[in-house]
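Protein chains in written order, with this note's numbering: chain A, 26 to 277; chain B, 2 to 335.
Okay, here's the thing in structure tokens:
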């Protein structure tokens, strides 16, 4: 494997006595879609929270391009080129779709400590926001208040906001959560398109989507990595079958 | 995101402004003084509105910066001579800004109810400091015997002793504050603080160091509170520790509630309603012995107003005059 873009080494996060993530070491190769799967409570979202800086780790290291980023605040990690979307929709509900993307796009200005020039005249910001809207197919919804949109559209907006920050690495936390079949299909297409020029860390429960998209899979159980491998090797791994997939036939 | 007044609201605002501008021509010094207080308190409430309405920081200690700048004028005024406006005003506002920076650096780390409590705690500390130290003149307050003047070299251009001139100066300060705050809210900085009010967590995830933006907002608000405090001290030429007290902070919050949060110009209506009603409730000819307990009447009035006009006077006005303000989207297209 090539030099990983992102790497965790013995990463651990405890909540009181509970280790939600237990000495997890995963290497995420550049350009790949690397899915992290596992049953509920496996520590997938906690892992993403550690990678994005939403949570500081208890111990262990996180290397992004060889640079230690563990313990850095979220805003600083965002500026390294790591963007994330949330499982639980985390948007600006009282703002329009476009304002949501606008704020995301404006974060790439060298500074927002500009007090006197009108924000809406920033063409560079507008271009970034529009590009994110176009990619996610939300242009027609640009003027809508986020809270008035359907759940599926809000999920799309969640991704659009992440894209407007122009990240290099995408951390997608269950992007298809609560979506209908058609919306899911569209999101799969979107992620496939993004995968062409982004590195993606994908957490998803929809196994169809995972196996359609992933170049590599890591299976987590009880906060620990059970196995990492290609979709094929995971599909046929007896350990994975036993611990996680059980009798599931969806994979055969 | 910022509710800019629509055309009809602007018309109403201009009418109010014209009404305020005509007060000096009534020739009644009592009402002139009352109107001066309304305007100065409107600036104070407006500065707090930047925090409450646009940054999501409910400060219960905003009077500290108001009162400190008032004392700034008192301390900078020579006993038998006039202070120069060009020196005393910026210096008093700078004093408010510096203290807001020091306090803000600590309190802005907290959220919600804790933020309310620590802002209150710091303001009360400053209140007792001013009340109990001889340097500030103690609990009885202190006088400014000669009102500040605008002096360049040896030429006195304008004195705040001139009631009408002072009144128009305050009115200009109000318009200046409103326009400047609108400009700031429309700037990239303004977008960020409004985003913080709406969802601070997401702002951090998007790459904003929200602490620094909240602190900047806190300092700007404190500086304009300082402007109001300075003017307030010049109204009567008297300052007292109560200017820093929690009553004063609470009054500003009530003015925002009455005026309607989220519009900025609502603070002016809030100040008019608050000061106006206070004056009416104190009128013995109308309320008899109840006038001595006007706070009870005020309480009933505020409760009724908040229940009947949930979004305050400005919220009602905006609805009444038609559609909401243009969004960022629509402004782009314009």
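Glycine residues also receive a C-beta, built at the ideal position from the N, C-alpha and C atoms.
Worksheet item: In angstroms, rounded to a whole number, what distance separates the CA positions of residue 276(A) and residue 232(A)?
Response: In this prediction, residue 276(A) has a pLDDT of 48, which is less than 50 and means its spatial position is unreliable; what the coordinates show is noted afterwards. Their backbone Cα atoms lie some 8 Å apart in a straight line.
Practice prompt. Return no unless some Cβ of chain A is closer than 8 Å to the Cβ of residue 188(B).
Written response: yes
Worksheet item: Quick one: what's residue 62(A) bridged to in DSSP?
Response: 244(A)
Fill in: Burial state of residue 27(A), where buried means 16 or more other Cβ atoms lie within 10 Å
exposed
Discussion item. Let me see if you follow: with CB-CB separation under 8 Å, is residue 128(A) close to chain B or not?
Written reply: yes
Worksheet item: So does the region 95-112 of chain A actually touch the region 70-82 of chain A, counting three or more Cβ pairs closer than 8 Å?
Response: yes
Worksheet item: If residue 154(A) and residue 126(A) are in contact, beta carbons under 8 Å, what's the gap, nearest whole angstrom?
Response: 4 Å
Worksheet item: Going by beta carbon distance, what residues of the same chain come within less than 7 Å of residue 273(B), once the five residues before and after it are set aside?
Response: 39
Item to complete: For residue 220(B), return the contacting residues in chain A, with the cut-off set at a CB-CB distance below 9 Å.
Response: The contacting residues do not exist; residue 220(B) stays about 12 Å from chain A at best.
Practice prompt. Measuring alpha carbon to alpha carbon, tell me which of 35(A), 249(A), 63(A) ends up nearest residue 266(A).
Written response: 63(A)
Discussion item. Looking at the strands, I want to know which residues DSSP matches up with residue 266(A).
Written reply: Its beta-bridge partners do not exist; DSSP assigns none.
Discussion item. Using CA atoms only, rank isn't needed, just tell me which of 217(A), 261(A), 188(A) is closest to residue 107(A).
Written reply: 188(A)
Worksheet item: Quick one: is residue 295(B) buried, meaning 16 or more other Cβ sit within 10 Å of its Cβ, or exposed?
Response: buried
Worksheet item: In chain A, which residues lie less than 9 Å from residue 64(B) when you measure between Cβ atoms?
Response: Chain A residues near residue 64(B): none, gap ~25 Å exceeds 9 Å.
Item to complete: Counting only the same chain and skipping the five closest in sequence on each side, list residues whose C-beta sits under 6 Å from that of residue 203(A).
Response: 176
Worksheet item: What does residue 257(B) reach in chain A if we use C-beta pairs closer than 7 Å?
Response: Those within 7 Å of residue 257(B) in chain A number zero; the least Cβ separation is about 18 Å.
Practice prompt. Taking only beta-carbon positions, decide if residue 279(A) is within less than 8 Å of chain B.
Written response: Residue 279(A) is absent from the structure shown; chain A starts at 26 and stops at 277.
Practice prompt. Excluding the 5 residues preceding and the 5 following residue 193(A) in the sequence, name in chain order all residues of the same chain whose CB lies nearer than 7 Å to its CB.
Written response: 106, 223, 224
Fill in: 8 Å Cβ cutoff, residue 7(B) in contact with chain A
no
Worksheet item: Of all Cβ atoms in chain A, is any one closer than 8 Å to the Cβ of residue 75(B)?
Response: no
Discussion item. Check whether the region 168-184 of chain B and the region 105-119 of chain B are in contact - that is, three or more C-beta pairs closer than 8 Å.
Written reply: no
Worksheet item: Alpha carbon to alpha carbon, how far is residue 115(B) from residue 61(B)?
Response: 11 Å
Discussion item. Let's test the definition: count the other Cβ atoms within 10 Å of the Cβ of residue 123(A) and tell me whether it reaches 16, buried, or not, exposed.
Written reply: buried
Discussion item. Just verifying my parser: in three-state terms, what is the DSSP assignment at residue 198(A)?
Written reply: strand
Worksheet entry | For residue 275(A), the three-state DSSP class (helix, strand or coil) | For residue 275(A), the pLDDT reaches just 46, beneath the cut-off of 50, and the residue's location in the model is therefore unreliable, although a value from the coordinates is still provided. Three-state result, residue 275(A): coil.
Fill in: Pairwise C-alpha distance: residue 312(B) and residue 158(A)
32 Å
Worksheet entry | Given residue 152(B) as reference, the closest of 17(B), 146(B), 161(B) once Cα atoms are compared | 161(B)
Worksheet item: What are the residues that DSSP puts in a beta bridge with residue 31(A)?
Response: 53(A), 89(A)
Practice prompt. Determine the contact status of residue 97(B) and residue 253(B), defining contact as a CB-CB distance below 8 Å.
Written response: no
Fill in: Under 9 Å from the C-beta of residue 205(B): neighbouring residues of chain A
78, 79, 98, 99, 100, 103
Worksheet item: Who are the Cβ neighbours of residue 198(B) in its own chain at under 7 Å, not counting the five residues just before and after it?
Response: 55, 56, 57
Practice prompt. Starting from the Cα of residue 114(A), find the closest Cα among 197(A), 238(A), 220(A) and give me that residue.
Written response: 197(A)
Discussion item. Looking at the secondary structure, which residues open and close the alpha helix (DSSP H) in which residue 93(B) lies?
Written reply: 86-108
Worksheet item: So, does the CB of residue 117(A) fall closer than 8 Å to a CB anywhere in chain B?
Response: yes
Worksheet item: What's the C-alpha gap between residue 31(B) and residue 134(B)?
Response: 33 Å
Worksheet entry | Residue range of the beta strand (DSSP E) that includes residue 56(B) | Taken as a continuous stretch (DSSP letters only), residue 56(B) belongs to no beta strand (DSSP E), as it is neither H nor E.
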